[in-house]
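Engineer: Protein chains in written order, with this note's numbering: chain A, 1 to 426; chain B, 1 to 426.
Structure below; questions to follow.
Protein chains: 2
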Amino acid sequence: MEPFAIWGNFIYTEGPEKLCLRPNSVAVCKENGLCDGVFDRLPDRYKGIKLKDYREFITIPGYCDMHLHAGQYRNQGRGMDMQLIQWLERLTYPEESMFRDLDYAKEVYGELTADLSEGFTTRAAIFSTAHTKATLLLMDELERTGLKTLVGRVNMDSNAPDSIREQDAAYSLAETRDWLNQVRDKGFLRTQPIVTPRFVPSCSPALLKGLGELAGETGLPVQSHLDENRDEIEWVRQLHPNSPSYAAVYDENGLLGPRTLMAHCIYMTDEECALMKERGAYVVHCPTSNTNVRSGIAPMRKYLDMGLHTCLGSDISGGHTLDMAEVIRQAIGVSRALWQLDEGHPAYLTAQEAFYMATEGGGSFFGKAGSFQPGYEFDAVVVDDTGYCQRKDAMETRFEQLIYRGRDSMVVDKYVAGECAIDRTI
Amino acid sequence: MEPFAIWGNFIYTEGPEKLCLRPNSVAVCKENGLCDGVFDRLPDRYKGIKLKDYREFITIPGYCDMHLHAGQYRNQGRGMDMQLIQWLERLTYPEESMFRDLDYAKEVYGELTADLSEGFTTRAAIFSTAHTKATLLLMDELERTGLKTLVGRVNMDSNAPDSIREQDAAYSLAETRDWLNQVRDKGFLRTQPIVTPRFVPSCSPALLKGLGELAGETGLPVQSHLDENRDEIEWVRQLHPNSPSYAAVYDENGLLGPRTLMAHCIYMTDEECALMKERGAYVVHCPTSNTNVRSGIAPMRKYLDMGLHTCLGSDISGGHTLDMAEVIRQAIGVSRALWQLDEGHPAYLTAQEAFYMATEGGGSFFGKAGSFQPGYEFDAVVVDDTGYCQRKDAMETRFEQLIYRGRDSMVVDKYVAGECAIDRTI
Chain A
1 MEPFAIWGNF IYTEGPEKLC LRPNSVAVCK ENGLCDGVFD RLPDRYKGIK LKDYREFITI
61 PGYCDMHLHA GQYRNQGRGM DMQLIQWLER LTYPEESMFR DLDYAKEVYG ELTADLSEGF
121 TTRAAIFSTA HTKATLLLMD ELERTGLKTL VGRVNMDSNA PDSIREQDAA YSLAETRDWL
181 NQVRDKGFLR TQPIVTPRFV PSCSPALLKG LGELAGETGL PVQSHLDENR DEIEWVRQLH
241 PNSPSYAAVY DENGLLGPRT LMAHCIYMTD EECALMKERG AYVVHCPTSN TNVRSGIAPM
301 RKYLDMGLHT CLGSDISGGH TLDMAEVIRQ AIGVSRALWQ LDEGHPAYLT AQEAFYMATE
361 GGGSFFGKAG SFQPGYEFDA VVVDDTGYCQ RKDAMETRFE QLIYRGRDSM VVDKYVAGEC
421 AIDRTI
Chain B
1 MEPFAIWGNF IYTEGPEKLC LRPNSVAVCK ENGLCDGVFD RLPDRYKGIK LKDYREFITI
61 PGYCDMHLHA GQYRNQGRGM DMQLIQWLER LTYPEESMFR DLDYAKEVYG ELTADLSEGF
121 TTRAAIFSTA HTKATLLLMD ELERTGLKTL VGRVNMDSNA PDSIREQDAA YSLAETRDWL
181 NQVRDKGFLR TQPIVTPRFV PSCSPALLKG LGELAGETGL PVQSHLDENR DEIEWVRQLH
241 PNSPSYAAVY DENGLLGPRT LMAHCIYMTD EECALMKERG AYVVHCPTSN TNVRSGIAPM
301 RKYLDMGLHT CLGSDISGGH TLDMAEVIRQ AIGVSRALWQ LDEGHPAYLT AQEAFYMATE
361 GGGSFFGKAG SFQPGYEFDA VVVDDTGYCQ RKDAMETRFE QLIYRGRDSM VVDKYVAGEC
421 AIDRTI
């Protein structure tokens, strides 16, 4: 890759507490796809490299959507009067069972990847369904987008209808190993597998154990769900009466570590918080989903204060939109509701903290990503905010308006790890 | 006007409890701009009238935005880390003071009216600023959009900086009468004046009294703010220690009646609720604003149950968007938060109820509007939902997805009181 630079107005974080606003500056992408930092002007050592002029716009590292179900894409905005378990049974499992049909998978995954390409999202962690072929097809489609993604073939051998349930742990594990072999043969550059037990109730003890062993053996990351809904938590307690908590069930099986994403985490006990922190696992906050299927409000401000790893997810199709700008606004909104209505929450998420979670917070799961600090993978999303901003506006204002008025349709250009990931000519 | 009919898929309410879903039906607009109802097919008596084919799309009565500040349009998405009084002083009053400059007013009001024209909104109740000329200019611009609007020149002679405060009650009242005379001379068809005391703290007792007399004498409607923020309520109590409540201050001055819009109403006491109900006044719920400036959550489900008149407002620029689809989603979301976190709220707003508030709830303030019932003014917004809906989808699904996936940019055509209000050729 040739090194290049972007001349523009940069907004990014250095950790949750530091927002960097750099108007009229230059960010350099080195030949290895890593950022060399943001400079007042192009350093002499880079004289002559390609310089892209985005001075009219703002440039951010792009948003990381750390939890979404590709197999539920067609269900966005449906079943929003149900709660989790009813919603799974009536709406979600029937839809996911359709992905045994590869033509259907191709149609839906084509729509999803096209939409992901267009918007703010640079990186994502994605659940497919319990179908190996459809999962491989999704990975093929994603690889072409230029986005960096983690994709999981879903494991589920228990407590689900036959149409979607795998017959037993042995079958599920064998299929997963077969899928991983095929993935390896594909040699993807940007699309990597992630071990994906659906959630505790849909995995037998043998399957949880086998998946933990697989993760340990391969070093692959893990994604699942935790403490989303009170009925679900009670169900887990009944299924695993000897485990001290829902989180402990994952932990006992070797599924909770620094490369684990746990979606929701609304009702974590102090012990579960301590365990998540000790293991270095990630909380993926999905506020649109949590509102839609009435799961509750995760105390993200508290988790940030505790030093837990935090990030955001659209959770399609509990969530109704892929647009991470709307997810960010909802994260701020529900945090304010919690602050307003519950004395136990004396602080709420600021716009800066929600932005951090959407960028560096999620990006860190991929290594160094989601910021323009030196040594980070060069992700950049160029946003046309000229529809409402005036030339004289301070960067503070442009940042605030990005949060409150941002929409996927404002994205002009996108780079992921230094590669152009949007092609307006298609 | 020539009568015409729309062939399409209709979604509308008959009161808060009845959602009408009429696929492949025909709605007739009579020569007087009133709806004759929705029929399975064009009635014989209308044979030969113009029939517009919108069978691909869905058609709704359009949304009524019953509270927004035109003079704050440029401030959308700014100052969202402040609460009401600080936000007024630091951000809002300085911006509104700019509207003494007619060139600035023309620029901003041009942007606002263009954006209002494009989206879901068919009707609106709008605060201008305390400037007569700029208010007339806004009314000229709005008249051209085809929307039906109520526009108020803001009265405020107290507790505000000199840059925006009127010198005294006599001046404010004289200016208002002069404005009303000029409005009468303009002979607007769609744009009508509304008496607009900003809120109790910014009006002297003499001004409140004079505005109540003016409303009584002219029969004009009234709009203001009520019970938005706890500090504001305490301020009103100190200013009017002998009045039993904030609502009572309006009532004592003849400003609370069946043609009164009160924005916010978050913290109404039982007595205030009873008074609002007795007077037949309207609660305008502004959930995006209430979240943004951290005012609180209005118990709208309770107000609906009590039989209060309820409707929705974008409240630009406490609210960050004119898009009423996002306001509807937020109304549902905050109601769920209240249900989740406060045992005093055993029920939450359904999608249907929020849709009712945005259509018929607000429309009823204009007489019969906001529904396709016979005798209602023929308002219709044609929405292209083909981007996500499949042909086989039931109307229930299309309704739910309209609520959760709706965006202003999906509007294809718009009629207000039978007149075409959108012109894609501009």
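The beta-carbon is built from N, C-alpha and C at its ideal position, and this holds for glycine as well.
Out of B/V382, B/D379 and B/A351, point me to the one whose CA is closest to A/G79's CA.
Structural biologist: B/A351
Engineer: Using the Cα positions of A/A369 and A/E278, report the straight-line distance between them to the nearest angstrom.
Structural biologist: Distance between the alpha carbons of A/A369 and A/E278: 23 Å.
Engineer: If you draw a straight line from the alpha carbon of B/V382 to that of A/S163, how long is it in whole angstroms?
Structural biologist: 39 Å
Engineer: What does DSSP give as the partner residue(s) for A/M262 in the beta ladder?
Structural biologist: A/S224 and A/V283
Engineer: Can the beta-carbon of B/Y171 be found closer than 8 Å to that of B/V200?
Structural biologist: no
Engineer: Name, going along the chain, the residues of the stretch 293–313 of chain B whose beta-carbon falls closer than 7 Å to a beta-carbon of chain A.
Structural biologist: R294, G296 and I297
Engineer: Listed from N- to C-terminal order along the chain, which residues in the stretch 59–90 of chain A have their beta-carbon within a distance smaller than 9 Å of any beta-carbon of chain B?
Structural biologist: R74, Q76, G77, R78, G79, M80 and D81
Engineer: Sorted by chain position, which residues of the same chain lie with C-beta nearer than 7 Å to B/G318's C-beta, five sequence neighbours on each side aside?
Structural biologist: C286, S289, N292 and V293
Engineer: From which residue to which residue does the alpha helix (DSSP H) around B/M357 run?
Structural biologist: First-last for B/M357: undefined, no H or E at that position.
Engineer: Spatial neighbours of A/L51 within its chain, please: C-beta separation below 6 Å, excluding the five flanking residues on both sides.
Structural biologist: A5 and W7
Engineer: Our contact map puts A/D408 next to A/G119 with C-beta atoms below 8 Å; I'd like the distance itself, whole angstroms only.
Structural biologist: Contact between A/D408 and A/G119 holds: their C-beta atoms lie close to 3 Å from each other, under 8 Å.
Engineer: Name the chain B residues whose beta carbon is nearer than 8 Å to that of A/R336?
Structural biologist: T291 and R294
Engineer: Closer than 9 Å between beta carbons: that is the criterion. Which residues of the stretch 339–361 of chain A meet it against chain B?
Structural biologist: W339, Q340, L341, D342, Y348, T350 and A351
Engineer: Grouping DSSP H, G and I as helix and E and B as strand, with all else coil, what is A/D162?
Structural biologist: Coil, per DSSP.
Engineer: Between the Cα of A/S128 and the Cα atoms of A/R190, A/T122 and A/T149, which residue gives the shortest distance?
Structural biologist: A/T149
Engineer: Name the chain B residues whose beta carbon is nearer than 7 Å to that of A/E400?
Structural biologist: G77, R78 and M80
Engineer: Starting from B/C500, follow its DSSP beta bridges and name the residues at the other end.
Structural biologist: Nothing about residue 500 of chain B can be reported from this structure: the residues present for chain B run from 1 to 426 only.
Engineer: Are the CB atoms of B/Y404 and B/R329 within a distance shorter than 8 Å?
Structural biologist: yes
Engineer: List, in chain order, every chain A residue whose beta-carbon is nearer than 9 Å to that of B/Y104.
Structural biologist: Residues of chain A passing the Cβ test: none, with the nearest at roughly 12 Å.
Engineer: For B/T359 and B/C20, I'd like the C-alpha separation in whole angstroms.
Structural biologist: 13 Å
Engineer: Measure the CB-CB distance between A/A169 and A/L214 and report whether it falls below 8 Å.
Structural biologist: no
Engineer: Does the distance from the CB of A/L437 to the CB of A/M357 come in under 8 Å?
Structural biologist: Here chain A comprises residues numbered 1 to 426, so residue 437 of chain A is not present and cannot be evaluated.
Engineer: Which residues, in order along the stretch 218–230 of chain A, keep a beta-carbon less than 9 Å from a beta-carbon of chain B?
Structural biologist: Cβ proximity to chain B below 9 Å picks out nothing from the stretch 218–230 of chain A.
Engineer: Can the beta-carbon of B/G435 be found less than 8 Å from the beta-carbon of B/L173?
Structural biologist: Coverage of chain B is limited to positions 1 through 426, which leaves residue 435 of chain B absent and any answer about it impossible.
Engineer: Please confirm whether B/Y388 has its beta-carbon closer than 8 Å to some beta-carbon of chain A.
Structural biologist: yes
Engineer: Does A/T218 pass the burial test, meaning 16 or more other C-beta atoms within 10 Å, or should it be called exposed?
Structural biologist: exposed
Engineer: Between A/Y250 and the rest of its own chain, which residues show a CB-CB distance below 6 Å, the 5 nearest in sequence each way excluded?
Structural biologist: L256
Engineer: Between A/D305 and A/I266, is the Cβ-Cβ spacing less than 8 Å?
Structural biologist: Not a contact, by the Cβ cut-off of 8 Å.
Engineer: Do B/Y12 and B/F372 have their C-beta atoms closer together than 8 Å?
Structural biologist: yes
Engineer: Whose Cβ in chain A lies nearer than 8 Å to the Cβ of B/T397?
Structural biologist: R78
Engineer: Just curious, the beta strand (DSSP E) that B/E143 is in, first and last residue?
Structural biologist: DSSP places B/E143 outside any beta strand (DSSP E); the residue lies instead in the alpha helix (DSSP H), whose first and last residues are T132 to T145.
Engineer: Alpha carbons only, please: which of B/A70, B/I85 and B/A125 is nearest the one belonging to B/E107?
Structural biologist: B/A70
Engineer: Using a Cβ-Cβ cut-off of less than 9 Å, list which residues of the stretch 242–266 of chain B approach chain A; keep chain order.
Structural biologist: none
Engineer: Measure the alpha-carbon distance for B/V416 versus B/I58 and round it to whole angstroms.
Structural biologist: 16 Å
Engineer: With DSSP run on the structure shown, which of helix, strand or coil describes A/A298?
Structural biologist: Three-state result, A/A298: coil.
Engineer: If the criterion is Cβ atoms closer than 8 Å, does the pair A/A124 and A/E166 meet it?
Structural biologist: no
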